[in-house]
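For the protein sequence lines, the chains are E and C, in the order given. Per the working numbering, the very first residue in the first sequence carries number 39; after that it's consecutive. Per the working numbering, the very first residue in the second sequence carries number 410; after that it's consecutive. Notes to accompany the following structure.
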Amino acid sequence: MVTAATAVRENLGLAFYAYVSFFLTFGWAVWWAATAISTLFVLGDCHADGTCDQPTNGLVVFLLFVSYYWAVQVIGNVVHVTTAGVTGTWWMQPPSTISSSSCCSPTVRDSWLRAMTYSFGSICLGSLIVAIISAMREFVHMLRENGDSMLACCAECLLACIESMAEYFNKWAFVFVGIYGFSFVEAGQNVIGLFKSRGWTTIITDDLCDRALLLTSFLVGLVNGLVGLLLGILIGMGEGVPVALAALYVISQESLLYFRFVEEKRGCANTILSCCMLQNRLYYRLILMLYIVECRIQRLQ
Amino acid sequence: MSTPYYNCNTNHGTQPQPVVVQGYAVDTSKTNGTVAAYEPPGRVPLHLEPYSQLPERQERETDAKFRDVAWALLFYLHLGVVAYLTAVNVPTMANIMGAGYAADGNNNQAQEEDDRRHLQDNDNNNQGWNNYNYNNNNNYDNISVNLPATLSMVALLGLSGLVLSTLALGFLIVAAETLIKVGIVASIIMCLLGGLLSLVAGQLMGAVVGLGMTAMLAWYACGGKTSVGSLFLEMEWNPWLPLYIIFVLDLHKSPVLFFAFIKFGPASPLPPVTWSRPPRRFEKI
Chain E
39 MVTAATAVRE NLGLAFYAYV SFFLTFGWAV WWAATAISTL FVLGDCHADG
89 TCDQPTNGLV VFLLFVSYYW AVQVIGNVVH VTTAGVTGTW WMQPPSTISS
139 SSCCSPTVRD SWLRAMTYSF GSICLGSLIV AIISAMREFV HMLRENGDSM
189 LACCAECLLA CIESMAEYFN KWAFVFVGIY GFSFVEAGQN VIGLFKSRGW
239 TTIITDDLCD RALLLTSFLV GLVNGLVGLL LGILIGMGEG VPVALAALYV
289 ISQESLLYFR FVEEKRGCAN TILSCCMLQN RLYYRLILML YIVECRIQRL
339 Q
Chain C
410 MSTPYYNCNT NHGTQPQPVV VQGYAVDTSK TNGTVAAYEP PGRVPLHLEP
460 YSQLPERQER ETDAKFRDVA WALLFYLHLG VVAYLTAVNV PTMANIMGAG
510 YAADGNNNQA QEEDDRRHLQ DNDNNNQGWN NYNYNNNNNY DNISVNLPAT
560 LSMVALLGLS GLVLSTLALG FLIVAAETLI KVGIVASIIM CLLGGLLSLV
610 AGQLMGAVVG LGMTAMLAWY ACGGKTSVGS LFLEMEWNPW LPLYIIFVLD
660 LHKSPVLFFA FIKFGPASPL PPVTWSRPPR RFEKI
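The structure is reproduced here in structure tokens:
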């Protein structure tokens, strides 16, 4: 993660894409919501009072969910692949030979262009797989709201697990896409080979990064929530519990927002781990892992 | 298919294969190829063998060409369909809603008279909502929102969020290691709190999981302090064991835990939701 932080510092242009992706996701959510509501309204022959003559078509709802999740995944993964490309270049070349401190630097710009052109199909394919799983989970969740059952509950839990695993797998596959420009299938085969040959230690290392990032996200949310609380009291919007609840809501939302932003940093960490493992033999991987363990535990003492 | 470095066989060449990033060969004369260049000063360098001693990499340079084109086209097609649906359905819905509201305005007064008569009948019969009186000026209909203040607050929070995010990114860069350590300690505290709260609430399963994870994380964090911990470090895999277990538990989010909580959770399930209050249009006297 220290190396990932260095990569981010020397490629700050990536932050621009992270911010843009957030606003894009928000804009897409608004657009999709308008489309989904109006489509279901029209297809159901609904009236202004909310009653509908036709039952809701399940297939249409499912496709709408797929559409939503697909675009969201694509937006996020474009940033991830861009990050992987920039970090891969940074890893292979010393900073003196490249310059990527601005958002329009050649390294960042070229990596983004490759993600939006050569690798865009791979991004769409990987994102579609996760989107279908997410839509199925959402669909089952809706079914549970209408009539819950143990079977539906198990199905939703199972789909949630598959969704998590697919997202995790994609995260690594897109690193290969970003660095080497592989197709998604090739990248997937390489990820499986990587895990087979290098073991699951990477997962643990990645998990530690996530903990630190999540903590930072929570701290940002907490501080901004407290700012909101103070502002609410100062402006006189309310007092006591209502303002505190509003502040808590802000805390949670801010945490999610910021976690989305630092995912870029997590992408850097993944890329660096991949580069390290790919480039060096097993012995050096062990040295790196032991070094990380040693550093962390020594710092805890 | 391109073969990455780690699939290399036993052929040890004297010259390395070119490093390829996104299909472009990187000038290896300018390549670090090591972690050492980015290590903070004072660390044990993770320097690696020179390239001449590395096994031959059999990677084939990938061509810079479009991959999985059909899926990209499908995505654009999907966006086109969404745009078409928006253009067609949103105006249709807006027209229906507009016409409906216009017609509804004429019917509202008659509906309210019906409600009032219904309430009076119930009062006379001492049945139904006899303790409630119709009052159109109830609390729910009179929620006032200070719009300028709300918008100001949202704008200020957005601005402060942007500033805080930027500062936090700088903090992440400067204190990445500290955050990892604090992250581990915070995980221990959270697990401990979760376990204790579950214990207080009488949820045995939650308490066992929470306290067990606390113990494992604490053991992991303290492992390096002892000679046993150092031995584990030398054995390479043992320090990770607790986190392997945590990962397996975590992998889940988790059918096992979820099912366990349902099965062994609160002894008395929550009471079914019943209609215990009148509609919001009626206010208690």
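Think of the CB as a built atom: it goes at the ideal place given N, C-alpha and C, for glycine as much as any other residue. Just so it is clear, the structure is predicted and the values come from calculations on it, not from any experiment.
query                                                                                                                                   : result
Short Cβ contact (7 Å threshold) for residue 165 of chain E with residue 115 of chain E                                                 : yes
Nearest to residue 105 of chain E (by Cα), restricted to the options E:218, E:224, E:176 and E:233                                      : E:176
Environment of residue 90 of chain E [buried if 16+ CB atoms lie within 10 Å]                                                           : exposed
Below-7 Å beta-carbon distance, residue 609 of chain C vs any chain E residue                                                           : no
Min CB distance residue 89 of chain E to chain C below 7 Å                                                                              : no
Within 7 Å, strictly: CB atoms of residue 173 of chain E and residue 100 of chain E                                                     : yes
CB contact check: residue 173 of chain E to chain C, cutoff 7 Å                                                                         : no
Terminal residues of the alpha helix (DSSP H) in which residue 191 of chain E lies                                                      : 188-218
Contact set between residue 166 of chain E and chain C, taken where Cβ atoms lie within less than 7 Å                                   : 480
Residue 598 of chain C burial status per 10 Å Cβ neighbour count (16 or more: buried)                                                   : exposed
Chain-ordered chain C contacts of residue 85 of chain E [CB-CB under 8 Å]                                                               : 505 and 509
Residue 476 of chain C - containing alpha helix (DSSP H), residue span                                                                  : Segment: none, residue 476 of chain C is in no alpha helix (DSSP H) and carries neither H nor E.
7 Å Cβ cutoff met for residue 227 of chain E and residue 168 of chain E                                                                 : no
Option in E:68, E:80 and E:148 with minimal Cα separation from residue 504 of chain C                                                   : E:80
Paired residues, beta bridge with residue 90 of chain E - DSSP                                                                          : E:84
Inter-residue Cα distance where the pair is residue 220 of chain E and residue 495 of chain C                                           : 35 Å
Within chain E, the residues that residue 495 of chain C reaches when beta carbons sit closer than 8 Å                                  : 69, 72, 73 and 76
Residue closest to residue 565 of chain C, alpha-carbon to alpha-carbon, out of E:215, E:264, E:126 and E:68                            : E:264
Among E:95, E:143 and E:85, nearest to residue 502 of chain C - alpha-carbon criterion                                                  : E:85
Buried versus exposed, by CB contacts within 10 Å (16 or more), residue 645 of chain C                                                  : Because the pLDDT of residue 645 of chain C is 38, which lies under 50, any placement of that residue in the model is unreliable, and the number read from its coordinates should be weighed accordingly. Flag for residue 645 of chain C reads exposed.
Cβ separation of residue 119 of chain E and residue 54 of chain E, assumed to be a contact under 8 Å, to the nearest whole Å            : Not confirmed; about 16 Å, so no contact.
Closer than 8 Å at the beta carbon, the chain E residues around residue 626 of chain C                                                  : Here the premise fails: no neighbours, minimum Cβ distance about 10 Å.
Within 8 Å of chain C by C-beta, residues of the region 89-120 of chain E in sequence order                                             : 105, 108, 109 and 112
Cβ-based neighbour list, residue 607 of chain C, same chain, cut-off 6 Å, excluding 5 preceding and 5 following                         : 615, 616 and 619
Three-state class that DSSP yields for residue 57 of chain E in the structure shown                                                     : helix
Which listed residue (E:125, E:72 and E:121) has its alpha carbon closest to that of residue 492 of chain C                             : E:72
Span of the alpha helix (DSSP H), counted from its first residue to its last, around residue 184 of chain E                             : 158-184
Residues of its chain near residue 194 of chain E, where Cβ-Cβ distance is below 7 Å and the 5 sequence neighbours each way are ignored : 175, 178, 179 and 182
Closer than 7 Å at the beta carbon, the chain C residues around residue 222 of chain E                                                  : 477
Rounded C-alpha distance that separates residue 479 of chain C from residue 88 of chain E                                               : 40 Å
Candidates E:107, E:122 and E:157, of which the one nearest residue 729 of chain C by Cα                                                : A question about residue 729 of chain C goes unanswered here, because the residues of chain C that appear run from 410 up to 694.
Through-space distance from residue 596 of chain C to residue 626 of chain C, alpha-carbon basis                                        : 8 Å
Residue 113 of chain E beta carbon less than 7 Å from that of residue 63 of chain E                                                     : yes
Length of the line joining the Cα atoms of residue 124 of chain E and residue 149 of chain E                                            : 6 Å
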